[in-house]
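Visitor: One structure follows; several queries about it will come next.
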Amino acid sequence: MEYKWNVLSNTTLGVLIGMMNSTVLLIALPAIFKGININPLLPSSFSYLLWLLMGYGVTTSALVVSIGRLSDIYGRVKLYRLGFIIFTIGSILLSITFGKGDFAASELIAFRVIQAIGGSLLMANSTALITDAFPLTERGKALGLNQISGLLGSILGLIVGGILATINWRLVFLISVPFGIIGTIWSYKSLKEIGIRNRNEKIDIIGNIDFILGIVLLLTGITYALEPYKNYPLGWYNPMVIGLLISGAALLAIFPFIEMKVKYPMFRLELFKSRLFSAGIFAALLAGLAYGGLMITLVVLLQGIWLPLHGYSFSVTPLWAGIYMIPLMLGFVAFGPISGALSDKHGARGLATGGMIVVLISFLLLITLKYDFPYPEFAFFIFLAGAGNGLFVAPNTASIMNSVPANHRGVASGMRAVMTNIANTTSIALYFSLLLSAFEAKLPNTLYTALISAGFPNNIAYMISKMPPTAALFAAFLGYNPMQSVLSSLPNLASQLGNSDPSGLSEVLSNTWFPKVIAPAFMYALRSVLLISSIIIIIAAIASALRGKHNLNNLNNTNN
1 MEYKWNVLSN
11 TTLGVLIGMM
21 NSTVLLIALP
31 AIFKGININP
41 LLPSSFSYLL
51 WLLMGYGVTT
61 SALVVSIGRL
71 SDIYGRVKLY
81 RLGFIIFTIG
91 SILLSITFGK
101 GDFAASELIA
111 FRVIQAIGGS
121 LLMANSTALI
131 TDAFPLTERG
141 KALGLNQISG
151 LLGSILGLIV
161 GGILATINWR
171 LVFLISVPFG
181 IIGTIWSYKS
191 LKEIGIRNRN
201 EKIDIIGNID
211 FILGIVLLLT
221 GITYALEPYK
231 NYPLGWYNPM
241 VIGLLISGAA
251 LLAIFPFIEM
261 KVKYPMFRLE
271 LFKSRLFSAG
281 IFAALLAGLA
291 YGGLMITLVV
301 LLQGIWLPLH
311 GYSFSVTPLW
321 AGIYMIPLML
331 GFVAFGPISG
341 ALSDKHGARG
351 LATGGMIVVL
361 ISFLLLITLK
371 YDFPYPEFAF
381 FIFLAGAGNG
391 LFVAPNTASI
401 MNSVPANHRG
411 VASGMRAVMT
421 NIANTTSIAL
431 YFSLLLSAFE
441 AKLPNTLYTA
451 LISAGFPNNI
461 AYMISKMPPT
471 AALFAAFLGY
481 NPMQSVLSSL
491 PNLASQLGNS
501 DPSGLSEVLS
511 NTWFPKVIAP
521 AFMYALRSVL
531 LISSIIIIIA
541 AIASALRGKH
551 NLNNLNNTNN
């Protein structure tokens, strides 16, 4: 087998398991929390829920640029192999967590960070390894195939997580171990160092510390902002959150000045002088910001509203949500390789810009959805979203990597990855923040009116209507019927109901009552988010169009 295909097969496996592990948790969380004896709907459990969801992204965002820089100095293959080893160790530790309660949750978060360190090593080097191995005229196609495995992994994670969680939650993490072992062995047998290395350069310690601390503080602030604070549904007014955001922003603000002073900078700021590179990075950042939270929000829509309204019990909605998201993957699979191959011949500008326009159309169509939509309509809209993203990602990535000298491919790959990760994490926070804000504005009155209509006394209806918006949103996200938890927590409920219509109680506890109640508030928030994302996508399309024509004959010879 030609070496380039060894590289593609190995990096494809790395991307597949990395992305699969980023989504497998979304579906398996109810089973995991049940297995470690934690109620995720309790306010004290929100931190665990958020960090299990966001900790992986925070860790990879903080590390990928530093790892890319290290790879340019010490060798990409060496660090890529190490990534498989650490990722596998993290997966084993996650699967054998022995504790219960808060201790077990803390263990899972810590082991998830270890897994993310391995994922960072894989993520930072896979694109650079492909760029090293494939000639200029085949890179777009290779990157397109590699990106397909990423989306395939994210969809497989939803389905595999749903299936394995019904058997044993530990299998959700154990499933990655065989892939990690195979990847480790295959990387040692098939990969070799062919990239140009900067052996005489040194690590920018001050810049690395400043950047990592800045990213960690900023993304930690964004994560904690999703927790309730006092009477607020979100934590944006929490002094700790404000302090984290300001500190992180301040450290990142001084980072460019540090880089301009050091001899061997971590962030190669001179790369931004290339319009191909700067426009591609900016477009990727904006695309991630607009697109990153879409999948998780649509999963919430399916799990918490659409599936229960169509006869699915809450216990099986996580699995079926993954299955019903498959058209998103199919759109990407259909157009990702084609766009990558075409970009090798015709450049990235037209394809990447066209991809953003297709995503924009899909967002505008999703805005028109009603909560009780016909599934074929939904499937077509998310197929378009996947197709647009498929048209964008491979050409844009190839354009970025083709614009940099060969000895800077590791750091360029890391810079692209960190921008995408920051955008995705921020996007999830943006989507959830707007959803929670809409819930706060609309849910109490809607819930109170619905309970009165169901025959509940005024005092009980008022008490239940004060349900925290966070609990309502995460109940939908986790596939719970929160009314069972709320009503079971009320002492002497039967005596308080008195002569109320008994059919009202069974109605409230049914699978369809709560989804119908939250649906108007959820759809209002979803439309708001999609409208904002549409504006961001327009800017991304403009940035992509401004990258200029990609003339293969004029690229730096170091790229060949």
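For the sequence shown, full-length UniProt numbering begins at 1 and goes up steadily by one.
Here a beta-carbon is modelled for each residue, glycine too, at the ideal position from N, C-alpha and C.
No experiment lies behind these values; they were computed from the predicted model shown.
1) In this structure, does DSSP put residue 564 in helix, strand or coil?
2) Are at least three pairs of beta-carbons, each pair with one atom in the region 114-130 and one in the region 78-93, less than 8 Å apart?
3) Starting from the C-beta of L302, find all residues in its chain whose C-beta is less than 6 Å away, skip the five residues before and the five after it, and write them out in chain order.
4) Rounded to the nearest angstrom, what separates D372 and L391 at their Cα positions?
5) Can you tell me the Cα-Cα spacing of L342 and I222, whole angstroms?
6) Flag this pair as yes or no: are the beta carbons of A253 and M419 separated by less than 8 Å?
7) Rounded to whole angstroms, how far is the Cβ of I185 from the Cβ of I296, which I believe are closer than 8 Å?
8) By the DSSP assignment, the alpha helix (DSSP H) with F211 in it spans what residues?
9) State yes or no: is the C-beta of L174 within less than 8 Å of the C-beta of S95?
10) Which partner residues does Y232 have in the DSSP bridge list?
11) Are the Cβ atoms of D204 and F255 separated by less than 8 Å?
12) Contact check, G18 vs M123 under 8 Å by CB: the rounded distance?
13) If you run the structure through DSSP and keep just helix, strand and coil, what is T23?
14) Using a Cβ distance threshold of 8 Å, determine whether the region 400-412 contacts the region 353-364, with at least three qualifying pairs required.
15) Can you find the residues in the same chain that come closer than 8 Å, C-beta to C-beta, to K100, ignoring five residues on each side of it along the sequence?
16) My output table needs one value for S544: the three-state DSSP class, helix, strand or coil.
17) Does E201 come out as helix, strand or coil in the three-state DSSP assignment?
18) Out of curiosity, what's the CA-to-CA distance linking V529 and A438?
19) Any idea what DSSP makes of W5, helix, strand or coil?
20) For the alpha helix (DSSP H) containing D344, name the first residue and the last one.
21) Whole angstroms is fine: what's the gap from G388's alpha carbon to L546's?
22) Report the option in A519, P265, V160, G150 whose CA atom is closest to the CA atom of E201.
23) Given 8 Å as the limit, is there contact between the region 47-65 and the region 151-164, that is, 3 or more CB pairs closer than that?
24) Taking only runs of the alpha helix (DSSP H) that begin and end inside the region 162-202, which ones reach a length of at least 4 residues, in chain order?
25) Quick check: the region 141-151 against the region 326-333, are at least 3 beta-carbon pairs closer than 8 Å?
26) Excluding sequence positions up to five away, which residues of its chain have a Cβ less than 7 Å from the Cβ of W236?
27) Going by beta carbon distance, what residues of the same chain come within less than 6 Å of L8, once the five residues before and after it are set aside?
28) Under 8 Å between the Cβ atoms of I114 and G414?
29) Given a cut-off of 8 Å on the beta-carbon distance, is the pair A348 and N396 in contact?
30) Measuring alpha carbon to alpha carbon, tell me which of E2, A287, S45 ends up nearest T425.
31) For T512 and K189, I'd like the C-alpha separation in whole angstroms.
32) What is the rounded straight-line gap between the Cα of A105 and the Cα of P40?
33) Under a Cβ-count criterion, where at least 16 other Cβ atoms within 10 Å of its own Cβ denotes burial, should A525 be classed as buried or exposed?
34) Taking only three categories from DSSP, how would you classify N10?
35) CB I281 to CB I400, shorter than 8 Å?
Guide: With the structure as the only source:
1) Past the edges of the chain, shown from 1 to 560, lies residue 564, and the structure says nothing about it.
2) yes
3) Here residue 302 refers to the residue found at position 302 of the sequence shown. Result list for L302: A321, Y324, in chain order.
4) By 1-based counting over the sequence shown, the position of residue 372 is 372. By 1-based counting over the sequence shown, the position of residue 391 is 391. When rounded, the distance between both Cα atoms is 30 Å.
5) Residue 342 sits at position 342 when you count from the first residue of the sequence shown. Residue 222 sits at position 222 when you count from the first residue of the sequence shown. When rounded, the distance between both Cα atoms is 38 Å.
6) For the purposes of this step, residue 253 is taken as the residue at position 253 of the sequence shown. For the purposes of this step, residue 419 is taken as the residue at position 419 of the sequence shown. Result no, Cβ atoms of A253 and M419 do not sit closer than 8 Å.
7) Position 185 of the sequence shown, counted from the first residue, corresponds to residue 185. Position 296 of the sequence shown, counted from the first residue, corresponds to residue 296. With 8 Å as the limit, I185 and I296 do not qualify as a contact, their Cβ atoms being about 34 Å apart.
8) Position 211 of the sequence shown, counting from 1, holds the residue named residue 211. First-last of the alpha helix (DSSP H) with F211: 205-224.
9) Position 174 of the sequence shown, counted from the start, is the residue given in the question as residue 174. Position 95 of the sequence shown, counted from the start, is the residue given in the question as residue 95. Cβ distance < 8 Å, so L174 and S95 count as in contact.
10) Translated into positions along the sequence shown, residue 232 becomes position 232. Answer is Y229, bridged to Y232.
11) In the sequence shown, the residue the question calls residue 204 occupies position 204. In the sequence shown, the residue the question calls residue 255 occupies position 255. It is not a contact, given that the beta carbons lie outside the stated cut-off.
12) Along the sequence shown, read from residue 1 onward, the residue named residue 18 stands at position 18. Along the sequence shown, read from residue 1 onward, the residue named residue 123 stands at position 123. About 6 Å separates the two Cβ atoms, so the contact holds.
13) By one-based count along the sequence shown, residue 23 stands at place 23. Looking at T23 - three-state DSSP - the assignment turns out to be helix.
14) no
15) Taking the first residue of the sequence shown as 1, we reach residue 100 at position 100. The residues are I36, N37.
16) Sequence index remark: in the sequence shown, residue 544 carries index 544 (1-based). Looking at S544 - three-state DSSP - the assignment turns out to be helix.
17) Position 201 of the sequence shown, counting from 1, holds the residue named residue 201. Note: E201 maps to coil in three-state DSSP.
18) Here residue 529 refers to the residue found at position 529 when the sequence shown is read from its first residue. Here residue 438 refers to the residue found at position 438 when the sequence shown is read from its first residue. Whole-angstrom Cα-Cα distance: 11 Å.
19) Counting from 1 along the sequence shown, the entry for residue 5 is found at position 5. In this structure, W5 counts as helix in the three-state DSSP scheme.
20) In the sequence shown, the residue the question calls residue 344 occupies position 344. 326-346 is the extent of the alpha helix (DSSP H) around D344.
21) Start at 1 with the first residue of the sequence shown, and residue 388 comes out as number 388. Start at 1 with the first residue of the sequence shown, and residue 546 comes out as number 546. Going from the Cα of G388 to the Cα of L546 covers about 18 Å.
22) Locating residue 201 in the sequence shown gives position 201, where the first residue counts as 1. Per the Cα distances, P265.
23) no
24) 171-174, 176-190
25) yes
26) Here residue 236 is taken as the residue at index 236 of the sequence shown, counted from 1. Taken in chain order, the residues that qualify are A225.
27) Here residue 8 corresponds to residue number 8 of the sequence shown, with the count starting at 1. Result list for L8: A142, in chain order.
28) Stepping through the sequence shown from its first residue, residue 114 is reached at position 114. Stepping through the sequence shown from its first residue, residue 414 is reached at position 414. Not closer than 8 Å, so no.
29) As a first step, residue 348 is located in the sequence shown; it is residue number 348 there, counting from the start. As a first step, residue 396 is located in the sequence shown; it is residue number 396 there, counting from the start. The answer is yes: Cβ separation under 8 Å.
30) By 1-based counting over the sequence shown, the position of residue 425 is 425. Comparing Cα-Cα distances from T425 to each of E2, A287, S45, the minimum goes to A287.
31) Within the sequence shown, residue 512 is the residue found at index 512, counting from 1. Within the sequence shown, residue 189 is the residue found at index 189, counting from 1. Distance between the alpha carbons of T512 and K189: 54 Å.
32) By one-based count along the sequence shown, residue 105 stands at place 105. By one-based count along the sequence shown, residue 40 stands at place 40. Whole-angstrom Cα-Cα distance: 11 Å.
33) Taking the first residue of the sequence shown as position 1, residue 525 is located at position 525. Classification of A525: buried, given that the 10 Å Cβ count is 16 or more.
34) In the sequence shown, counting from the first residue as 1, residue 10 sits at position 10. If DSSP states are grouped into helix, strand and coil, N10 belongs with the helices.
35) Your numbering for residue 281 matches position 281 in the sequence shown. Your numbering for residue 400 matches position 400 in the sequence shown. Closer than 8 Å, so yes.
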